[in-house]
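Going down the list, the protein sequences come from chains B, E and R. Residue numbering for the first sequence follows the numbering used here, starting at 41 and increasing by one per position. Residue numbering for the second sequence follows the numbering used here, starting at 40 and increasing by one per position. Residue numbering for the third sequence follows the numbering used here, starting at -18 and increasing by one per position. Written out below as structure tokens is the structure these notes cover.
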Amino acid sequence: MTKKQLKRVDIILSPYSVSPYQVLINTVKRSKDEVIKEMINSGLRGRGGAGFPTGLKWKLASEQISDEKYIICNADEGEPGTFKDRKILSEVPRKVFSGMAIAGWATNSTKGVVYLRREYKYMVADLEKEIEVFNNKAKEIGLDFSINIFLGAGAYVCGEETALIESMEGKRGEPRNKPPYPIQNGFKGKPTIVGNVETFASASMVCRYGADEYVKFGTNDQHGSKLFSISGDSPKEGVHELELGMSIEDFVHEFGDGDTKAVQVGGVAGFCVPRKHFKTTIIGEGQTTGGATMIFNSTRSMYHVLHNYLDFFVEESCGQCTPCRVGTQQLLKGIEAVKLGEKEPEYLEQLIKLSQTMKVASKCGLGQSVANSFASIVTNFKEEMIY
Amino acid sequence: MSVNLKIDGINVSVEKGSTILDAAKKINIKIPTLCHHEDLCVAGNCRVCIVEVEGKNKLEASCATPAEEGMIIKTNTPKIRNARKDIISLLVSEHNTQCTTCYRSTNCELQALSSEHNIDHERFLSVLKPHTKIDKSSWSIEKDDSKCVRCQRCVRTCAELQHVNALTVSGKGKEMKISTFLNLPFSDVVCTNCGQCITHCPTGALTERRYFDEVWEAIGDPTKHVVVNTAPSVRVALGEMLGMPVGTRVTGKMVTALKKMGIDAVLDTDFTADLTIIEEGHELLTRLKSVLVDGDTSVKLPMMTSCSPGWVKFIEHMYPEYLGHLSSCKSPQQMFGALTKTYYAEKNNINPKDIVSIAIMPCAAKKFEANRPEMRDSGYQDIDAGLTTRELGHMIKQAGLNFAELEDTKYDSFMGDSTGAAVIFGATGGVMEAALRTAYEVVTGREVPFKNLNILPVRGLEGIKEATIKIEGCLPAWSFLEGAELKIAVAHGLINARQIMDMIVAGECPYHFIEVMACPGGCIGGGGQPIPTNNEIRLKRIKAIYDEDEGMPIRKSHENPEVTKIYADFLEKPLGHTSHKLLHTKYRKRNRY
Amino acid sequence: MSELKTVISDQIKKHGKGRDALMPILQSIVEKNNYLTNENMVEIAKELDISAADVYGTASFYSFLETEERGRYVIRICKSITCDMKGKGKVLRTIQDMLKIKIGETTQNKKFSLLETNCIGLCDQGPAMLINDDFYNHLTPEKVREVLVDYIRNKN
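Below is the structure:
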């Protein structure tokens, strides 16, 4: 356990003290291998939640031989409780574009796409202006890389990278079988890097500060700073940039309202941590996180919270695979039946087992992650499920 | 390149690109599946075929996971069994489990899985949507969403095998379902009625519209004279419905069974298949003459066959501007119907209004075809009911007949004579082969220059087959064909038909005559045939068809004595006035979307 | 050329006639008319040479590609947990009372449709909603009333 004090950092969200495009200019003067190595050494992991090592992803993409490759910035943040990408794209978009461009340059890709969730359409006008600035800059420095926006149409599952690609190809956003991964066979069958907004911004920061400096932040498990979307029963709702490694206890002390009974770490696809585990749970250790943290105080019914989550999953499952499509419905119907007394409380055990089946047998991360919140809430707040 | 892996302790080596499921099959390890079908691309969505891959916590769908060097796989562990049981239970929980009244009972993949895995009905609550309405709008196909397991086999079939795309997946989450455009009734969409979705459906969600109750009524009605004609491919597949091995030829038993059921006359569609060859062969020769000699631009080449009603409806929807390429010949079923209520009625002195004419077909589209308003040239509905091979199988069971023990009986006459040429109509390439056996001889006076009359280039399961036949030594009447090279092609499966049509549209079609069958493998793989159907089964049925042909004393349509007689007694000559009235038809443009 | 055909052909010019033009086409029609009519979908299918069922199947997957008639202003109120905790229920009731419609319905004058939506990324500012593309945050019954009154009086 590498517990750290809660510490605010100001890397990603700080205003441009050094122009991100200067970082880009400096970076593309170096050798590609060196930059990819730097990215590997920085230990940066995907910031969307899955936590795949970014440097490795770039390396694999750079090794693919193809006439065309794509860099896709996943701005389809649909996880309830997550809004950090909105903040990044409204406040420091150039860090994102610079990170995308570096990724493009390092892997010989010339096309970048920002897949923006439909709910953020009001941001398109401003983003397009910024993209124009970027595209002109790229031309100016002789970098063959351009970015455009692809607007989603409202489907949580499109945050899953292969579903996102299907959607860009004009199809239903149903996740693909993997392998092959997008790095081998992505958008239009070409090698594709799909990365989270914060990941690209962080990559730009790695290039600015260098891996040696970057690894000083965070835990052994995860380096760097992390943006947290904090909502719920907190007087400090909003996006906060923190160093990974603090305990929930410290976190709650800083952001709770003094009456916190549970914290949902990682959005509805993450875990719900009850008060009795606040001390021993370190954020960023063991589990990666997209940074969504929802705080619940003692007035909240955890049954109601879980019901709300399950409603969400029942609707947002793409519906193609059995465990997720039917499993989500069963979990919802099951807790209702227990609450109403139609099923014995022991039925909750059966449902937890089912959620474990969903975890190991679902096709994509959506179905696989339902068990996280389900099992943690049902186990830790069992009385609330029954009475 | 090959990869080596270990499954349940057994080493196996497979081609790179094979799946874990393929590898397991190779060493006879059976992994249960549901959404998987040999004919279709991988979906990996039912998750029934999950296995453990050493080093991974997740279970992998074996149908969708490539075999990799050094993999260590387990297919039967407590972890897998528990998960699989959950998954099958989930499928059952959203399923209409009234198996006792399901047409597919005992032939249902979900039922088999559920029974094999001893699924407890109470494991989960039912999430079956109440009050789903069965779509019975189509003459051919019924869709019951309450029995759908959402494996998408039908959607993939409609797209990959047929390129019709009448079916899609709509909605998401719990609202996700298999749907037509706007969820319109089948009768209103671009469905060709081929029925391939039915033969690929693992459950009773998609079935043919059944007519056997009406048929039993007619049989029981003493005032009705019930006539049946049976299609060539039924005789090589019906046995599968009744516990016999795939590829068993049951022609004689089938006739006996029909007679025992109380059918008044059991006749052979082969008779009108032979008649089709005469009419269609002459139509082709006439078209060739019009184009090559008279330079008539209104006559279209290539000419395309019209015996497959799924194909006919496909071209009516998708390429209505090219209907002129279709032969005007009715299908053998409809020729049979028109003649039954005219020629047959007259010869047997039966009032045609008392005849109930039934066709036993390998086909779902034949039901629609029988109900086309233009198919009333006898003055009555020419065919009263089209039944599938499966329906006949059910009727034989309903009648309590011990099929395997039945003796052989010959077809009644007349309109019961057959030739080898007619029998092979049942396999892809068969119509072409039969046509060539006759047309070549008509033109040259000699048999087709193929050993033992077997025109091998047009046989087999390749999607599009082609051949060129040089015509030499013509009889004087056909001298304009001297030295001509007749180019022919055979396509089966509508996706292949579409390729041919696109060649025609692009003006790049080199052929004179093309046979198209809607279903993969031709009629032996029809939408009304026993389930399952896959390539292994198709090949066995095809072999049975050619064996039947080889065993026939007459193997050329123009030598069928009843055919000769009907021209002498009734039709006068091919393409003559009566022929035109009864044996030829017109097509119509249908909506494309 | 009809308006619809212009919309489609503009997008085809930009994205080509391939399937990946489908989403931009659907989006631009919805932007103009708030929903897709049956005729729209048939026309798109024709232009892209795909089946109408595929167009429908794709559209029905996405919550912003409506295939049912909607009003000129589509209100999407967030129903995710944090908005719910912050009083979404009262806000929703206020809207329903004001417009006399329930969730999923459209006012008789075809001006407003009311829908619930999953997270719109304003969890720190809940309860929140979208009216077409614009967002409204920190809603209270009073505030939502003001917003709607403005739409009722000042927007067509």
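Positions of the beta carbon are idealized from the N, C-alpha and C atoms, including for glycine.
Please report how far the alpha carbon of SER329/E lies from the alpha carbon of HIS531/E, in whole angstroms.
28 Å
Which residue's Cα is closest to the Cα of ASP313/E: CYS368/E, ASP451/E and VAL305/E?
CYS368/E
For GLU449/B and CYS346/E, I'd like the C-alpha separation in whole angstroms.
In the structure displayed, chain B extends from 41 to 427; residue 449/B sits before or after that span and is not available.
Going by DSSP, name the residue or residues bridged to HIS263/B.
GLY258/B
With a cut-off of 8 Å on the beta carbons, I'd call ILE584/E and ALA466/E a contact; round off their distance for me.
5 Å
Between which two residues does the alpha helix (DSSP H) carrying GLU319/E extend?
308 to 331
Three or more C-beta pairs under 8 Å: does that hold for the region 564 to 572 of chain E against the region 446 to 453 of chain E?
no
Since SER274/B and ILE335/B should fall inside the 8 Å C-beta cutoff, what is the C-beta to C-beta distance between them, to a whole number of angstroms?
5 Å
I need the DSSP call for VAL481/E, collapsed to helix, strand or coil.
helix
What are the boundary residues of the beta strand (DSSP E) that PRO110/B is part of?
Per the sequence shown, residue 110/B should be read as Tyr rather than Pro. Taken as a continuous stretch (DSSP letters only), the beta strand (DSSP E) holding TYR110/B covers 110 to 115.
Could you tell me the alpha carbon to alpha carbon distance between SER269/B and PHE311/B, rounded to whole angstroms?
15 Å
Beta carbon of ALA193/B nearer than 8 Å to that of PHE45/R
yes
Using three-state DSSP, classify PHE421/B as helix, strand or coil.
coil
How would you label GLU78/B, buried or exposed, when you count the other beta carbons within 10 angstroms and need 16 or more for buried?
buried
Would you say the region 439 to 447 of chain E touches the region 422 to 430 of chain E, given that touching needs at least three Cβ pairs under 8 Å?
no
Given LYS383/B, which residues of its chain have a CB within under 8 Å of its CB, disregarding the five upstream and five downstream residues?
GLY374 and ALA377
Bounding residues of the alpha helix (DSSP H) (the contiguous stretch that carries HIS347/B):
342 to 356
Option nearest LYS582/E by Cα separation, candidates ASP307/E, ILE463/E, TRP178/E and ARG249/E
ILE463/E
Do you know how far the Cα of ARG248/B is from the Cα of TYR453/B?
An answer regarding residue 453/B cannot be provided, because it is not within the stretch 41 to 427 covered by chain B.
I'd like the list of long-range same chain contacts for GLU49/R, defined as Cβ closer than 8 Å, with 5 residues on each side in sequence excluded.
TYR16
Between the region 149 to 167 of chain B and the region 100 to 109 of chain R, are three or more C-beta pairs nearer than 8 Å?
yes
Considering Cα atoms alone, identify which of VAL529/E, TRP255/E and THR139/E is closest to MET300/E.
TRP255/E
Quick one: list the residues of chain B neighbouring TYR43/R, beta-carbon separation under 7 Å, in chain order.
ALA193, GLY194 and ALA195
Neighbouring residues, chain R, relative to GLY89/B (Cβ below 7 Å)
Within chain R, no residue comes near GLY89/B; the closest Cβ sits about 14 Å away, beyond 7 Å.
Quick one: complete beta strand (DSSP E) runs, 3+ long, within the region 110 to 191 of chain B?
110 to 115, 151 to 156 and 186 to 191
Answer yes or no: do ASP586/E and ARG288/E have a C-beta to C-beta separation smaller than 8 Å?
yes
So ILE553/E is in the beta strand (DSSP E); what residue range does that whole segment cover?
552 to 556
Bridge partner(s) assigned by DSSP for ILE25/E
What the structure shows of chain E is the stretch from 40 to 632, and residue 25/E is not part of that stretch, so it cannot be assessed.
Residue(s) in a DSSP beta bridge with PHE311/B:
VAL305/B
Give the straight-line distance between the Cα atoms of THR617/E and LEU610/E, rounded to the nearest whole angstrom.
5 Å
Any C-beta of chain E within less than 7 Å: which residues of the region 16 to 40 of chain R qualify?
ASN19, VAL23, ALA26, LYS27, SER32, ALA33, ALA34, ASP35, TYR37 and GLY38
Is the beta carbon of VAL90/E sitting closer than 8 Å to the one on LYS118/E?
no
Quick check on DSSP: helix, strand or coil for ASN21/R?
helix
Residues in the region 193 to 208 of chain E with C-beta within 7 Å of chain B's C-beta atoms, listed in sequence order?
VAL208
I want to know whether the region 407 to 424 of chain E touches the region 377 to 384 of chain E - three or more CB-CB distances under 8 Å.
yes
Residues of chain R with a CB under 8 Å from the CB of MET208/B: which are they?
ASP1 and MET4
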